[in-house]
Amino acid sequence: MSIEEKSLNFLEEIIDGDLNNGKYQSIVTRFPPEPNGYLHIGHASSICLNFGLTQKYPGYTNLRFDDTNPVTEETEYVESIKEDVRWLGFEWKNERYASDYFDQLYDFAVTLINKGLAYVDDSNSEEIAKMKGTPTEPGKDSPYRNRTIEENLDLFLRMRNGEFPDGSRTLRAKIDMSHPNLLMRDPVLYRIKHASHHRTGDKWCIYPMYDMAHGQSDSIENVTHSICTMEFVPHRELYDWLIGKLEIYPSHQYEFARRNINYTVTSKRKLLQLVNEKYVTGWDDPRMPTISGLRRRGYTPESIRDFCERIGVAKRENLVDVGLLEFCVREHLNRVALRRMVVFDPIRVIITNYPEGQYENLKSENNPEDETTGTREIPFGRELFIEKDDFMENPPKKFFRLAPGQMVRLKSAYIIKCDEVIKETDGSIRELHCTYFPDSRSGHDTSGIQVKGTLHWVCASHAAEVEVREYDRLFKVEDPAGEESDFKNFINEHSLNVVKGYAEPSLLSAQHKDRFQFLRKGYYCLDSDSEKEKLIFNRTVTLKDAWAKEQKKSL
RNA sequence: UGGCCCGUGGUGUAAUGGUAGCACUACAGAUUUUGGUUCUGUCUGUUAAGGUUCGAAUCCUUACGGGCCAACCA
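Those letters in the first sequence? Residues 0 to 554, by numbering that gives the first Met the number 0.
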């Protein structure tokens with residue numbers, strides 16, 4: 000056992016310090032999704048961070064929906080988010096909604112008005128934008144900036160009562176129109192939206208902006224460490240300003256760099272486009288980087304958590320190699336997946352010295368990495384299928400598979416030798432005539448024959464036809480969102496390849512929770528489209544393929 | 001061209017003034033009834049220039065590079 004401690008990330012260091020110097024006895028974090036889309040792998044990072052922190056340190060984590068914009072938010076998203084967080088293996092202390100706090104938030108706004116720190120502006124959005132100034136020029140005060148407190152109070156109440164149309168008025172903080180931070184130039188706090196909210200219905204027609212809702216919700220929940228991504232850095236000044244002026248519980252905001260992954264996009268807006276414009280079949284399409292897509296693809300929560308742990312937390316821009324995610328799922332699946340044999344592109348093998356009509360059942364281990372998984376039986380007979388790729392008439396030097404005159408082991412069965420290649424009239428191969436060595440049966444091999452290669456195979460008469468969906472990366476370029484033109488121009492049109500497979504009969508009883516390794520091919524799981532009569536498997540990820548690499552070298 | 005944030009191998013992340021480490025990838029080899037797994041080894045790095053210091057990835061200055069900010073989105 001190593002006593003070496005893993006080094007802390009910068010947030011753990013801050014928390015460690017806060018706990019050690021007595022600033023806090025325990026901490027509160029929150030995961031604050033807006034329910035306007037499904038969670039993706041980037042959110043997984045944030046979830047593992049926020050929940051992970053309160054597993055490591057005393058305290059708890061809330062799930063809080065940042066539902067302040069009724070026009071984009073839906074209950075469907077709320078449900079999916081809860082399912083995904085639980086599936087990842089985390090449980091929140093409290094389920095909260097910013098909309099739970101609408102009354103309180105309204106009171107906060109009134110407090111600001113009473114302090115002379117907020118005012119109702121009759122300007123429309125173009126006018127406000129114009130008066131905002133630019134990064135190099137100061138803004139101009141709105142003509143409505145110096146209304147009396149009484150007038151502001153009256154107008155704000157009438158906004159709430161629905162007397163004004165959308166966009167006609169806003170409540171703005173009164174800060175400084177020449178502030179170097181654009182966000183401090185009298186930011187909008189409340190806007191009018193005559194829209195039905197998924198939780199509060201038609202109770203409200205004014206809704207708080209992010210800045211008016213987020214920090215105050217943190218404060219209400221006594222969140223100690225409010226962790227968000229780097230793009231919110233400029234908001235921190237406003238976050239602190241509002242909490243300070245309101246004199247409420249001082250939550251603090253900390254920022255880390257969002258994780259980007261190559262060959263995909265992680266932006267709810269872009270993912271929504273892929274769904275709406277039918278580039279994928281839905282949010283849970285196995286090619287999507289969503290949690291639900293990864294789940295359907297066959298990824299395990301363990302592998303995703305491991306991935307998030309490995310990529311870490313920092314503040315610099317990053318583009319993580321999707322290969323690491325694949326490594327993590329291979330590593331987990333290698334330990335838990337049941338081994339099965341499936342031939343995809345078959346070539347018929349006739350064992351000429353094996354009696355016609357005779358069959359035997361051979362035992363094979365379910366998982367050599369885990370003996371407790373036991374064995375299964377596989378039928379063997381005179382006619383078999385092997386992979387077309389596993390035979391070559393004129394093999395190159397290091398080809399350890401089947402070739403005329405060459406011998407191979409059939410996994411968990413016998414050693415066979417290829418005697419004859421039977422061809423069609425057009426020259427294509429019809430079948431291979433082979434002989435087997437009866438004394439070479441797996442586990443009882445007394446033949447003394449040494450072979451270099453072992454092949455997977457299925458008994459031709461017992462094989463079950465299944466559909467297999469092979470997936471490739473959704474985009475052809477590393478950073479589709481960073482390209483000049485529209486990200487959809489870089490979609491990989493070959494990201495889905497549907498093939499037929501001939502499976503050993505034990506796969507007929509596959510369950511949705513099962514994870515399989517199809518020997519020498521990859522990891523697979525049953526897809527939700529599967530039916531009793533038509534089994535459909537998703538390829539989660541291929542096995543590493545050293546032979547493919549070897550071949551590439553000689554090209 | 002204003003402000004803010006950030007620059008460590010191909011990628012991600014450590015080293016908090018004292019031997020630049022770990023993981024993934026790549027490459028080479030060993031083992032293997034999965035060309036998988038496992039094991040061993042190798043390559044590759046502090047953006048640059050000054051300064052402070054016995055000593056700098058670390059502190060300071062400047063330059064360079066990247067990112068964010070001018071929604072009634074979050």
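Glycine is no exception: its CB is placed at the ideal position from the N, C-alpha and C atoms.
Does the Cβ-Cβ distance between residue i and residue j come in under 9 Å?
{"i": "residue 230", "j": "residue 268", "result": "no"}
{"i": "residue 364", "j": "residue 334", "result": "no"}
{"i": "residue 37", "j": "residue 63", "result": "no"}
{"i": "residue 34", "j": "residue 74", "result": "yes"}
{"i": "residue 164", "j": "residue 188", "result": "no"}
{"i": "residue 518", "j": "residue 315", "result": "no"}
{"i": "residue 384", "j": "residue 462", "result": "yes"}
{"i": "residue 98", "j": "residue 67", "result": "yes"}
{"i": "residue 58", "j": "residue 223", "result": "yes"}
{"i": "residue 152", "j": "residue 241", "result": "no"}
{"i": "residue 234", "j": "residue 182", "result": "yes"}
{"i": "residue 362", "j": "residue 374", "result": "yes"}
{"i": "residue 442", "j": "residue 466", "result": "no"}
Express the C-alpha separation of residue j and residue i in angstroms, rounding to a whole number.
{"i": "residue 113", "j": "residue 9", "result": "40 Å"}
{"i": "residue 94", "j": "residue 61", "result": "6 Å"}
{"i": "residue 510", "j": "residue 531", "result": "11 Å"}
{"i": "residue 293", "j": "residue 263", "result": "13 Å"}
{"i": "residue 560", "j": "residue 538", "result": "The displayed coordinates of the chain run from 0 to 554. Any statement about residue 560 would go beyond what the structure contains."}
{"i": "residue 274", "j": "residue 472", "result": "16 Å"}
{"i": "residue 382", "j": "residue 390", "result": "16 Å"}
{"i": "residue 302", "j": "residue 329", "result": "8 Å"}
{"i": "residue 460", "j": "residue 503", "result": "10 Å"}
{"i": "residue 116", "j": "residue 15", "result": "36 Å"}
{"i": "residue 25", "j": "residue 56", "result": "7 Å"}
{"i": "residue 44", "j": "residue 13", "result": "19 Å"}
{"i": "residue 0", "j": "residue 299", "result": "Note that residue 0 has pLDDT 32, beneath the 50 cutoff, so the model's placement of it is unreliable and the number below is only indicative. Those two C-alpha atoms are separated by around 27 Å."}
{"i": "residue 272", "j": "residue 281", "result": "10 Å"}
{"i": "residue 549", "j": "residue 493", "result": "24 Å"}
{"i": "residue 312", "j": "residue 200", "result": "39 Å"}
{"i": "residue 289", "j": "residue 40", "result": "6 Å"}
Need the endpoints of the beta strand (DSSP E) that residue i sits in, please.
{"i": "residue 393", "result": "Unbroken run through residue 393: none, as it is neither H nor E."}
{"i": "residue 124", "result": "Not the beta strand (DSSP E): residue 124 falls in the alpha helix (DSSP H), residues 124-130."}
{"i": "residue 118", "result": "117-120"}
{"i": "residue 182", "result": "First-last for residue 182: undefined, no H or E at that position."}
{"i": "residue 456", "result": "456-458"}
{"i": "residue 499", "result": "495-502"}
Assign residue i to one of three DSSP states: helix, strand, or coil.
{"i": "residue 206", "result": "strand"}
{"i": "residue 60", "result": "strand"}
{"i": "residue 137", "result": "coil"}
{"i": "residue 404", "result": "coil"}
{"i": "residue 434", "result": "strand"}
{"i": "residue 516", "result": "strand"}
{"i": "residue 556", "result": "Outside the shown range of the chain, which is 0 to 554, sits residue 556, and nothing can be said about it."}
{"i": "residue 0", "result": "Below a pLDDT of 50, predicted positions are generally treated as unreliable, and residue 0, at 32, falls in that range; no measurement from the model is reported."}
{"i": "residue 171", "result": "strand"}
{"i": "residue 381", "result": "coil"}
{"i": "residue 89", "result": "coil"}
{"i": "residue 153", "result": "helix"}
{"i": "residue 526", "result": "coil"}
{"i": "residue 275", "result": "helix"}
{"i": "residue 97", "result": "helix"}
{"i": "residue 371", "result": "helix"}
{"i": "residue 480", "result": "helix"}
{"i": "residue 77", "result": "helix"}
{"i": "residue 354", "result": "coil"}
Taking 7 Å as the limit between beta carbons, can you name the residues of its chain near residue i, skipping five residues before and five after?
{"i": "residue 226", "result": "10, 28, 48, 49, 253 and 255"}
{"i": "residue 46", "result": "30, 84, 87 and 89"}
{"i": "residue 450", "result": "406, 407, 408 and 414"}
{"i": "residue 432", "result": "349, 351, 418, 419 and 421"}
{"i": "residue 317", "result": "256, 258 and 259"}
{"i": "residue 482", "result": "476 and 489"}
What residue range does the alpha helix (DSSP H) around residue i cover?
{"i": "residue 547", "result": "545-552"}
{"i": "residue 43", "result": "40-55"}
{"i": "residue 362", "result": "Taken as a continuous stretch (DSSP letters only), residue 362 belongs to no alpha helix (DSSP H), being part of the beta strand (DSSP E) at 358-364."}
{"i": "residue 333", "result": "321-335"}
{"i": "residue 291", "result": "290-296"}
Whose C-beta lies closer than 8 Å to the C-beta of residue i among residues of the same chain, with five residues either side of it excluded?
{"i": "residue 19", "result": "none"}
{"i": "residue 521", "result": "538, 539, 540, 541 and 542"}
{"i": "residue 424", "result": "none"}
{"i": "residue 535", "result": "465, 466, 467, 468, 525, 526, 528 and 529"}
{"i": "residue 434", "result": "350, 351, 352, 415, 416 and 418"}
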